[in-house]
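Encoded as structure tokens, the structure appears first; notes follow it.
Residue numbers (the working numbering): 173 to 238.
As structure tokens, this is what we get:
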């Protein structure tokens, strides 16, 4: 069957607009994903450490209260 990609979370960086990008290595190639797009990239959200997932969940909770 298809092998799932090897995804390693490298950290975050800010782009020119000040948006936070999540940096991953996907099969050895660097990929930068915006927070709102994480769910569209299979495995990327799952590759995040629990602390980062918690921070995203907190952001989401805060945003949904606005």
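A virtual CB, placed ideally from N, CA and C, is assigned to each residue, including glycine.
DSSP state of residue i mapped onto helix, strand, coil
| i | result |
| --- | --- |
| residue 210 | helix |
| residue 178 | coil |
| residue 197 | strand |
| residue 188 | coil |
8 angstroms CB neighbourhood of residue i in its chain, flanking five on each side removed
| i | result |
| --- | --- |
| residue 182 | 195, 196, 197, 202 |
| residue 186 | 192, 193 |
Cβ-based neighbour list, residue i, same chain, cut-off 6 angstroms, excluding 5 preceding and 5 following
| i | result |
| --- | --- |
| residue 184 | 192, 194 |
Presumed contact (8 angstroms Cβ cut-off) between residue i and residue j, rounded CB distance
| i | j | result |
| --- | --- | --- |
| residue 199 | residue 178 | 6 angstroms |
Opposing strand residues paired with residue i [DSSP bridges]
| i | result |
| --- | --- |
| residue 205 | 194 |
| residue 183 | 195 |
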